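Worksheet: one structure, shown below.
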Amino acid sequence: MSVNTLAPSWLSVPDDANALPASVWSQNAVRSTSGELEIAGVTATALAEQFGTPVYVVDEADVTARARSIRESFEREFALVGSSAKVYYAGKAFLSTEVARWVTDAGLNIDVASGGELAVALAAGVDPARLGLHGNNKSLAEIDRAVSVGIGAIVIDSVVEIERVAEAASRHGRIQPVRLRINSGVHASTHEYLATAREDQKFGIPLADAAAVVAQIRSHGALEFLGLHSHIGSQIFESDGFAEAARRLFEVHAELLKDGPVPELNLGGGFGIAYTSVDHALAVPEIARRFADIVATGAAALGIPVPVIAVEPGRAVIGPSTTTIYTVGTIKAVLVDGVAIRTYVSVDGGMSDNIRPALYGADYSARIVSRGSAADPVLVRVAGKHCESGDILVHAEYLPGDVHPGDLLGIPATGAYGWAMASNYNYLARPPVVAVINGAARLIVRGETEADLLSRDVGVPRTDVSA
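Here is the structure:
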């Protein structure tokens, strides 16, 4: 079969349009003997019947295994270079009380980026000492609450925050550990909007100002300086950017040691995952090995001890675990420029449950998951139901040519920034989140109803609100 001229250069016609590439799908996703998708022993049809569609389906064992593997890999590699590592789960990727318990039970700490995320972690019973608070514009209330509950670390993101955190710590009679977020000037190879280490952006302190700002932090008896923090971007497949950022930070780190302890160095997160079969993400043990080599080499070059390293993976923990299941509605074949056909497969969700393709141009994969098919593959574009031409979930994919209304469609690797960035655009209710493990499914985040949406509209008589 020839490749459709509308297909992007990286996308080839699959030998089997039913195949589930292991690099993209969760660890416990398989085809049953009938050809239907099963995740941890629960079929796609059973999930749709019980919870409706769209539905986010989280492979719980996949999450805990990835969390444990990341922690163990970093602990092992940094022990070999005479240090240790702290792994924080970046809660902004997706946070619920269940997920908070899973990752902390696996030995991870949690990084939160708002008062709401802090509230979720605390509601899950997480020890506040295992939490870190990020944010470029933390409110006074958020700072006060974090300090009052005994949060393990606050990342100082601007000079003005020094006084705010110090005042809160003094008021609560605490010595508050803090990190200082630095703009290393390193730009990782990623999407423009995902790059977060450039000088001209809202996060952090310029590298040249670090020494003076740390001196200001150290002048407060209510603050304990832990070290520098850097985050160079997201969805990063190589270690070169981390190496350069670490080199620049180490030079400042070494200077800061002359005036006091600097026990840690936080290199952030951003580890990439595979969204399509052509994405090649570094394996976690290899990431940890490269980080340990980068840090050990940098410390040796400057003749300083290897610091405790902190990292903050989010996507790498939760992203591959989740498959979003939709029901196919309208199918429309479109002749483009009189040359080739693109088939639009529209589903019952869209940019309200996964904004990344519309926002970043992100690529995803898709499969029919309610059955297998021997039909020849055709080029499709998976579209949502929103009133936007840019409401696309999968820009290009090959699906069996007999895809039809009523089929269930699965999009894998939607655990990170799917539910977390979901909206009610066009008044669509946000879908439920379901965990599956050992052949059983349970709800971990309830899906919204129209009654939920109307309940916030003060013009609706309460007696008129129905489910």
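Position 289 of the sequence shown, counted from 1, bears residue number 279 in this note's numbering, the numbering being contiguous throughout.
Beta carbons: idealized from backbone N, C-alpha and C, even for Gly.
Quantities reported herein were computed from a predicted structural model and do not represent experimental measurements.
query	result
Alpha carbon to alpha carbon, how far is V14 from G105?	33 Å
Which word fits N127, buried or exposed, when buried means at least 16 other C-beta atoms lie within 10 angstroms of its C-beta?	exposed
Do you know offhand how far S413's Cα is from G339's?	11 Å
Counting Cβ pairs, one atom from each stretch, are 3 or more of them under 8 Å apart for the segment 86 to 94 and the segment 130 to 150?	no
Let me check understanding here. Comparing Cα to Cα, which of G437, V149, A30, G81 lies closest to G258?	G81
Please state whether the Cβ-Cβ distance between L246 and A290 is less than 9 Å.	no
Could you tell me the alpha carbon to alpha carbon distance between A185 and V102, rounded to whole angstroms?	Low local confidence applies: a pLDDT of 45 at A185 is under 50, so the model's placement there is unreliable, with the coordinate-based value given in what follows. If you take the alpha carbons of A185 and V102, they lie about 19 Å apart.
Under three-state DSSP, which class holds T(-5)?	coil
Any chance you could list the alpha helix (DSSP H) runs of at least 4 consecutive residues sitting entirely within the segment 106 to 166, in chain order?	130 to 139, 149 to 161
Please classify A187: does DSSP put it in a helix, a strand, or coil?	Interpretation of A187 is limited by its pLDDT of 49, a score under 50 that renders its predicted location unreliable; the figure taken from the coordinates is listed afterwards. Here A187 sits in coil by DSSP.
If you compare alpha carbons, which of L218, V435, T287, G405 is closest to P310?	G405
Give me whichever residues DSSP pairs with S342 in a beta bridge.	Bridge partners of S342: none, in fact.
Given A158, which residues of its chain have a CB within under 6 Å of its CB, disregarding the five upstream and five downstream residues?	I133, D134, V137
Alpha carbon to alpha carbon, how far is T287 from S174? Give it in angstroms, no decimals.	18 Å
Hey, D392 and A373: beta-carbon distance below 9 Å or not?	no
Between S59 and the rest of its own chain, which residues show a CB-CB distance below 6 Å, the 5 nearest in sequence each way excluded?	V274
Can you tell me the Cα-Cα spacing of H221 and T320, whole angstroms?	42 Å
Determine, using beta-carbon pairs with one atom in the segment 104 to 119 and one in the segment 317 to 332, whether at least three such pairs fall under 8 Å.	no
Could you compute how far the alpha carbon of I152 sits from the alpha carbon of R61?	31 Å
As a quick exercise: from V423, E440, P297, L443, pick the residue whose alpha carbon is nearest that of I434.	V423
Skipping 5 residues on each side, what residues in its chain have a beta carbon closer than 6 Å to that of A278?	S63, F64, E67
Quick check: is the beta carbon of A131 nearer than 9 Å to any beta carbon in chain B?	The structure shown contains no chain B; it is built from a single protein chain.
At the level of alpha carbons, what is the spacing between L272 and S445?	46 Å
Since H221 sits in a beta bridge, which residues does DSSP pair it with?	According to DSSP, which records beta bridges pairwise, H221 is partnered with nothing at all.
Taking the alpha carbon of R361 as the reference point, which residue from L349, S336, D343, T317 has its own alpha carbon closest?	T317
Kindly indicate which three-state DSSP category Y265 falls into: helix, strand or coil?	coil
What first and last residue would you give for the alpha helix (DSSP H) that runs through P275?	274 to 292
Do you know whose CA, among V326, P347, H394, I284, lies nearest V335's CA?	H394
Between A131, V368, D442, which has its C-alpha nearest S154's C-alpha?	The identity of residue 154 in the sequence shown is Arg, whereas the question assumes Ser. Here the closest residue by C-alpha is A131.
When we look at the beta-carbon of G194 and count the other beta-carbons within 10 Å, is it buried (16 or more) or exposed?	buried
Give a yes or no on whether the C-beta atoms belonging to Q40 and A419 are separated by under 9 Å.	no
In the DSSP assignment, the beta strand (DSSP E) including T54 goes from what residue to what residue?	That residue, T54, is in no beta strand (DSSP E); its alpha helix (DSSP H) goes 50 to 70.
Could you check what DSSP says for L98 in three-state terms: helix, strand or coil?	coil
Less than 9 Å separating the beta-carbons of P44 and T312?	no
Are V242 and L213 close, meaning C-beta to C-beta below 9 Å?	no
Which residue comes first and which comes last in the beta strand (DSSP E) that contains E387?	382 to 390
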